[in-house]
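Colleague:
In the working numbering, the protein residues as written are 53 to 172.
1) In terms of alpha-carbon separation, which member of 92, 154, 155, 129 lies closest to residue 56?
2) Please state whether DSSP places residue 83 in a helix, a strand or coil.
3) Measure the C-alpha to C-alpha separation of residue 85 and residue 129 and round it to an integer number of angstroms.
4) Identify whether residue 132 lies in helix, strand or coil by the three-state DSSP scheme.
5) Relative to the C-alpha of residue 116, which candidate in 64, 148, 132, 94 has its C-alpha closest?
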């Protein structure tokens, strides 16, 4: 049981480290909380047995580092919104051009072709 929680804590702390350095660093909080939870259970189980392993302390260290990186990135990284007016103008221009192309499009259909389309 102690080994299971130790392994789960270590894996969760590794996921927390990986997520914290990626652009999706806000997701690192969930595995960090799981790593702390599993680590505490493993710590208390090993303390009850009388032997506290260094791997449990290492998982706590990794989790604290992941939370520190995540906090740093959330505080100091700002998202910049680009100028959307140019994008909207281009979008409107393309929409007008496509409407003009559709209006200029001539489709010659016989009545028999229309009936075939309606039947299908």
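Even glycine gets a Cβ: it sits at the ideal position worked out from N, Cα and C. Treat the numbers as computed from the prediction; the structure is a model and nothing was measured.
Modeller: A quick look at the data gives this:
1) 92
2) helix
3) 22 angstroms
4) coil
5) 64
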